[in-house]
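A short write-up of the structure that comes next.
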Amino acid sequence: MPAVRKVLVVGGGAAGAAAAILLAEGGVTVDLVDLEPDVAALGSGITLQGNALRVLRRLGVWEQIEAEGYAFDTLGLRAPDPAGTLIAELTDIRTGGADLPATLGMYRPTLARILIDRATAAGARIRFGACPAGLTPDGEVTFADGESKDGAKQRYDLVIGADGLRSWTRRQMGIDVEPQPVGMGIWRTFTKRPASVTRTDLYYGGPAYIAGYCPTGPDSIYAYLVEDVQDRFSLSPEEALATMRELAGAYHGPWDEIRETLTDPAGVNYTAFESHVIDGPWHRGNVVLIGDAAHSCPPTLAQGAAQALEDAAVLAELLLREDALTDGLWQEFTGRRLGRAKTVVEASLRLARWQLAHERGDVPGLMARVAQLVAEPA
1 MPAVRKVLVV GGGAAGAAAA ILLAEGGVTV DLVDLEPDVA ALGSGITLQG NALRVLRRLG
61 VWEQIEAEGY AFDTLGLRAP DPAGTLIAEL TDIRTGGADL PATLGMYRPT LARILIDRAT
121 AAGARIRFGA CPAGLTPDGE VTFADGESKD GAKQRYDLVI GADGLRSWTR RQMGIDVEPQ
181 PVGMGIWRTF TKRPASVTRT DLYYGGPAYI AGYCPTGPDS IYAYLVEDVQ DRFSLSPEEA
241 LATMRELAGA YHGPWDEIRE TLTDPAGVNY TAFESHVIDG PWHRGNVVLI GDAAHSCPPT
301 LAQGAAQALE DAAVLAELLL REDALTDGLW QEFTGRRLGR AKTVVEASLR LARWQLAHER
361 GDVPGLMARV AQLVAEPA
């Protein structure tokens, strides 16, 4: 018998949906709530490394992911010169195993919809536009709308906080760790894929620290520019579009084609990089954090979604294998997840700090070491 019979998952992103799928399939009664009216309406593109694809296959959605996304096995490095010269083409490590691609890009809302639909099919009960208003360490939850079969409160064997960077659950647990600014901001857009773009290429230098793109489907890409964080948040959509086009003007090769597609102000957004990690157990009583609620990092290694999915997979494995929420269960969860996630966070931050300091660090060596780590099963 599983360690838990009734679980509440707070947050319907990748970590929360993955936990809901695995637990519901294991016979656990799962309620999933998310404050957003529809998680599949949020975001632009996402890069998924092989270790993320390994978990998605375990969730039973790999065939859909493969059909909707764009897979590739190499990484290009280009110069910020008038030709966008290709400097090197690197073969990525297949961190999910030889039978999965090294990397896959896709439209983030499509990934969210696939995971939520799979969780529903597995038997999870999902409510959007809903949020707990109160939480106790023993798993008693009060809902903001008062909706409950048993009145205003419900008791769960476990509450899983998968509610992101600004986690409500984390604050309710009394954990005062919060994401801290990294010093960088990123311009993102989701647009038409030029035929010449068949993998991620990165340009280092010029007016941005990084100018990059990732194919996300047969006809789409996710393109981005990383700069010193600035007060860009008050710009109108039209001003934001003009600013991104101006920055992109310094980059050539495929960027010349990408820039011409940047015509929709609604398709551009700007975000500041932040990072944190809870350096200790992620649970308090019968409440546990996973994904961005427990750790986050700048996307310099494209491991955010992968680490969140791994959290969910390891947690579900232990809950379905053990017959009680014991100290041993939590010690194993902490042992398997904290060090690995912390290493990824620290490596992602190191890459960002090298760039901020204009320091020539051993980027290939650092990326290879992280790839070797995450190639091992979580």
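Numbering (full-length UniProt numbering), first residue to last: 1 to 378.
Ideal placement from N, C-alpha and C gives every residue a C-beta, glycine not left out.
Source: prediction; values computed, not measured.
Within the same chain, show all residues whose beta-carbon is closer than 8 Å to that of Val370, passing over the 5 residues directly before and after it, in chain order.
Only Leu301, Gln303, Thr343, Val344, Ala347 meet the Cβ criterion.
Looking only at its chain, what residues have a beta carbon closer than 6 Å to the beta carbon of Gly217, apart from the 5 residues adjacent to it on each side?
Non-local C-beta neighbours of Gly217 in its own chain, meaning closer than 6 Å and more than five positions away in sequence, comprise Tyr70, ordered along the chain.
For Asp264, which of helix, strand or coil comes out of DSSP?
Residue state for Asp264 is assigned as coil, using DSSP reduced to three classes.
Host alpha helix (DSSP H) of Phe333 (start-end):
Taken as a continuous stretch (DSSP letters only), the alpha helix (DSSP H) holding Phe333 covers 327–356.
Report yes or no: do the stretch 4–20 and the stretch 156–172 share at least 3 C-beta pairs separated by less than 8 Å?
Short answer: they touch.
Candidates Gln355, Gly84, Glu376, Gly365: closest to Arg336 by CA position
Comparing Cα positions, the closest option is Glu376.
Roughly how many angstroms separate the alpha carbons of Met1 and Gly16, rounded to a whole number?
If you take the alpha carbons of Met1 and Gly16, they lie about 22 Å apart.
Between which two residues does the alpha helix (DSSP H) harbouring Gly43 extend?
Per DSSP, Gly43 belongs to no alpha helix (DSSP H) and is neither H nor E.
Straight-line Cα distance separating Val61 from Asp34
Looking at the backbone, the Cα of Asp34 and that of Val61 are separated by about 21 Å.
Quick test of the definition: if touching needs 3 or more C-beta pairs under 8 Å, does the stretch 81–88 touch the stretch 114–121?
Fewer than three beta-carbon pairs drawn from the stretch 81–88 and the stretch 114–121 are found closer than 8 Å, and the two stretches are therefore not classed as touching.
Are the CB atoms of Leu75 and Arg199 nearer to each other than 9 Å?
Closer than 9 Å, so yes.
Determine the closest residue to Gln172 out of Pro132, Glu36, Ile186, Ala40, with distance taken between C-alpha atoms.
Out of Pro132, Glu36, Ile186, Ala40, Pro132 has the C-alpha closest to the C-alpha of Gln172.
At which residues does the beta strand (DSSP E) containing Ala195 begin and terminate?
Element bounds for Ala195: n/a, residue is neither H nor E.
Determine which residues share a DSSP beta bridge with Phe72 and list them.
Answer by DSSP bridge pairing, in chain order: Thr103.
By how many angstroms is the C-alpha of Glu246 removed from the C-alpha of Leu32?
Answer to the nearest angstrom: the Cα atoms are 42 Å apart.
Taking DSSP as the reference, what is the three-state secondary structure of Val28?
DSSP places Val28 outside both helix and strand once states are collapsed to three, so it counts as coil.
For Asp292, the nearest candidate out of Gln154, Arg350, Pro179 (CA to CA)
Looking at the Cα atoms, Pro179 is the closest of the given residues.
Thinking C-beta only, is Ala24 closer than 9 Å to Ala122?
A contact, by the Cβ cut-off of 9 Å.
For the alpha helix (DSSP H) that Arg127 lies in, which residues bound it at each end?
Arg127 -> not in any alpha helix (DSSP H); beta strand (DSSP E) instead, spanning 125–128.
With H, G and I counted as helix, E and B as strand and the rest as coil, what does DSSP make of Gln307?
Gln307 carries a helical assignment under DSSP once its states are collapsed to helix, strand and coil.
Just checking my contact of Gln169 with Leu289 at CB under 8 Å: how many whole Å lie between their CB atoms?
The amino acid occupying residue 169 in the given sequence is Thr; Gln does not appear at that position. With a beta-carbon spacing of about 6 Å, Thr169 and Leu289 fall inside the 8 Å limit used to define contacts.
With distances taken between CB atoms, is the gap from Thr189 to Thr103 smaller than 9 Å?
Cβ distance not < 9 Å, so Thr189 and Thr103 don't count as in contact.
Is it right to say Pro299 is buried, meaning 16 or more other beta carbons lie within 10 angstroms of its own, or is it exposed?
Burial call: buried.
Can you tell which of Ala130, Gly212, Gln64 has its C-alpha closest to the C-alpha of Gly11?
For the residues Ala130, Gly212, Gln64, the minimum Cα distance to Gly11 belongs to Ala130.
Among Asp311, Ala341, Cys214, which one has its Cα closest to the Cα of His276?
Relative to the Cα of His276, the nearest Cα in the group Asp311, Ala341, Cys214 belongs to Ala341.
Closest by CA to Glu257, which one among Tyr213, Thr29, Leu320, Ile93?
Closest option to Glu257, Cα to Cα, is Tyr213.
Backbone CA spacing between Ala18 and Phe72 [nearest angstrom]:
A direct Cα-Cα distance of roughly 24 Å separates Ala18 from Phe72.
Mapping the DSSP letters down to three states, classify Gln372 as helix, strand or coil.
Assignment of Gln372 by DSSP, reduced to helix, strand and coil, places it in the helix class.
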